[in-house]
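Notes follow the structure.
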Amino acid sequence: MGFQITYDALCTLRCWQPAFLGSTPPVPLAAGNADETMPFHLRFGLSPVQVRDYLSYDISNYLDVRPTMAAAEMVQARGWRWLASTQGGSLVANNAIAPSVGARLQLGIYLRDPRFIDNTDFDGPDGDDEADTRGKRFFVTNATVTGADFSFPTAADGLDERRFVGMRHSVFSLPKTSDGNDPIMVRDPLSGGRVVKTLDFSASDPTLTTYPCDLSDLPPGLYQLEGNQIVNETTLIGFAGEAGLLGIVELALPTVNAVDLHFKQKIA
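Residue numbers for the sequence shown follow the numbering used here, beginning at 13 and rising by one.
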């Protein structure tokens, strides 16, 4: 007697960039008419031209959306699968394999085609040029972040410089603001600011101008570095080796509805 394995979607990420969508604004599928017996275009109020544009939209020509190297190991170990799509992708699992409490999926958004950058406006509401995002990567999440707002941008705003942060290797040095040897607290802002590591410098020379930091035992992610003799910062740690990385999306599992990541079209 045969049997069937059923897979459930633990989360779905959709990336929208109006420059590649023709005349159609991003379609919020969850907001459509609930009557699934209605034709697609009537459910969502789309014209024939909009339906054509929507069905031909394929962001995978420009972006590679997939679990980061660290997350790919977790996905494989748990028996999950990442299924890429023309809009982004979905994490699926056998319905008998539920995510543990507090589980998160870390997705990398990687550049495939430079035309994506050429057509995307990362400028913030202050009207500055995009120099503020150079050397940085964006971070967004549907989880609560202690001390900062990295929520998903709206379609009207698009992803801007407010969600970009600096990057550091797992091993680095921090300039000291004064003599001393106070510890540095490393916090996980997605876990209520919980301290995940304390760097102890009590045995070091208090006159040294930098603190050597080694966080190679921590998984890559967003961390807050705090201390009395450093400039506190929120930064991405451990992604330096991932070529083409534009940013990180971290999703709390499971997500009930698809999550939409909106980019803003650059207007010449």
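Built from N, CA and C at the ideal position, the CB exists for glycine as well.
In this text the structure is predicted, and so the values were computed from the model without any measurement.
Residue of the options minimising C-alpha distance to residue i
i              : options                           : result
arginine 175   : Arg26, Lys148 and Tyr19           : Lys148
asparagine 131 : Thr222, Leu33 and Val198          : Leu33
methionine 81  : Ser185, Ile260, Ile242 and Ile279 : Ile260
valine 104     : Gly114, Gln88 and Val113          : Gln88
serine 112     : Ala96, Arg127, Arg90 and Ile129   : Arg90
methionine 179 : Lys188, Pro232, Val77 and Leu58   : Pro232
glycine 114    : Glu238, Ser203, Gln277 and Val243 : Ser203
aspartate 161  : Lys188, Pro60 and Thr246          : Thr246
C-beta atoms of residue i and residue j nearer than 8 Å
i                 : j                 : result
leucine 123       : glycine 250       : no
leucine 265       : leucine 25        : no
valine 152        : phenylalanine 164 : yes
phenylalanine 150 : leucine 119       : no
tryptophan 94     : glycine 100       : no
valine 198        : leucine 248       : no
glutamine 236     : proline 195       : no
Through-space distance from residue j to residue i, alpha-carbon basis
i                 : j             : result
glycine 205       : threonine 156 : 10 Å
alanine 215       : cysteine 225  : 14 Å
asparagine 107    : threonine 49  : 27 Å
leucine 186       : threonine 210 : 14 Å
asparagine 134    : isoleucine 71 : Residue identity check: residue 134 is phenylalanine in the sequence provided, not asparagine. One C-alpha to the other measures close to 17 Å.
phenylalanine 213 : glycine 253   : 28 Å
valine 207        : aspartate 20  : 34 Å
histidine 181     : threonine 221 : 19 Å
threonine 158     : glutamate 262 : 14 Å
threonine 145     : glutamate 173 : 6 Å
leucine 54        : glutamate 238 : 53 Å
Alpha helix (DSSP H) segment containing residue i, residue limits
i            : result
alanine 21   : No alpha helix (DSSP H) contains alanine 21, which is instead part of the beta strand (DSSP E) from 19-28.
glutamine 62 : 60-68
arginine 127 : 127-130
Delimiting residues of the beta strand (DSSP E) encompassing residue i
i              : result
aspartate 194  : It is not in any beta strand (DSSP E) - aspartate 194 carries neither H nor E in the DSSP assignment.
methionine 86  : Run containing methionine 86: none in the beta strand (DSSP E); it sits in the alpha helix (DSSP H), 81-89.
arginine 149   : 148-153
serine 102     : 100-106
isoleucine 121 : 116-123
alanine 96     : 93-96
isoleucine 279 : From DSSP, isoleucine 279 is part of no beta strand (DSSP E); its letter is neither H nor E.
Residues of its chain near residue i, where Cβ-Cβ distance is below 8 Å and the 5 sequence neighbours each way are ignored
i             : result
threonine 267 : Leu22, Cys23, Thr24 and Asn154
asparagine 73 : Phe32, Arg124 and Asp125
leucine 230   : Ser182, Val198, Val208, Lys209, Ile249 and Gly250
Nonlocal neighbours in the same chain, by C-beta distance under 7 Å from residue i, ignoring five residues either side
i             : result
aspartate 191 : Pro218 and Thr219
Residues near residue i by beta carbon distance below 6 Å, same chain, minus five either side
i                 : result
alanine 42        : Summary for alanine 42: the model assigns pLDDT 45, below 50, so the residue's position carries little reliability; its value from the coordinates is reported in the next sentence. Contacts found: Asn269.
isoleucine 279    : none
phenylalanine 275 : Gln29, Thr132, Gly170 and Leu171
Contact with chain D by residue i, beta-carbon distance below 8 Å
i           : result
arginine 78 : The structure shown contains no chain D; it holds only a single protein chain.
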